[in-house]
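First up is the structure itself, then whatever we jot down about it.
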Amino acid sequence: MSNFSQKVNPKPNLLYQRLEEALQQGNEVQVVSSCGRFFGIPSALDDEFLELVNLYIPTEEEGWEDEPYERTVWLIKISEIVAVAYPIQSLSKAQLESLINPSQTVFESED
């Protein structure tokens with residue numbers, strides 16, 4: 000394979016794959032770069048940039064009638080990303096406890 004074809008179609012790395020999954024599934028991610036932390040749902044992704052959309056909906060106490068929501072769009076250079084956090088699975092308290100101590104859950108259910 001020539002250097003040219005590697006530059007045109009680079010093999011996606013794990014970071015890119017996770018961002019692409021979040022884009023396809025509409026999952027919120029947290030991106031850490033040298034400039035700070037960014038939260039949002041990916042709306043666009045290419046070889047150089049990630050676009051995140053963050054919606055903020057204020058509570059009634061914060062005056063939601065005047066300003067119903069605020070939207071921020073971040074355009075982040077992929078080469079500047081040092082970490083990405085993304086949800087894998089949400090668990091209830093009971094589910095988490097059963098994962099931590101499955102024998103206790105079985106014992107409790109027999110009562």
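According to numbering that gives the first Met the number 0, the sequence shown holds residues 0 to 110 in order.
Where a beta carbon is used, it is the ideal one built from N, C-alpha and C, also for glycine.
Here the structure is a predicted model, which means the values were calculated and not measured.
Straight-line gap, residue i to residue j (C-alpha atoms, nearest Å)
i, j, result
"ASP45", "GLU19", "9 Å"
"VAL105", "SER91", "Residue confidence for VAL105 is low, a pLDDT of 43 falling below 50, so the modelled location carries little weight; the figure read from the coordinates is stated next. Cα to Cα, the separation comes out at about 17 Å."
"LEU14", "TYR68", "30 Å"
"ARG70", "LEU51", "10 Å"
"ILE40", "GLY25", "6 Å"
"VAL112", "CYS34", "Residue 112 cannot be examined here, being either before or after the span of the chain that is shown, 0 to 110."
"SER97", "ILE87", "18 Å"
"LEU22", "ALA93", "30 Å"
Member of the options whose CA lies at the smallest distance from the CA of residue i
i, options, result
"PHE38", "TYR15, ILE99 and TYR85", "TYR85"
"ALA82", "SER32, SER97, VAL52 and PRO41", "SER32"
"VAL28", "LEU49, ALA93, ARG70 and GLU79", "LEU49"
"ILE75", "SER89, ALA43, GLN88 and LEU98", "ALA43"
Anticipated Cβ contact below 8 Å, residue i with residue j, distance rounded
i, j, result
"ILE77", "GLU47", "6 Å"
> What residue ranges within the segment 10 to 73 form continuous beta strand (DSSP E) runs of no fewer than 3 residues, ordered along the chain?
Replying inline: 28 to 32, 35 to 44 and 48 to 55
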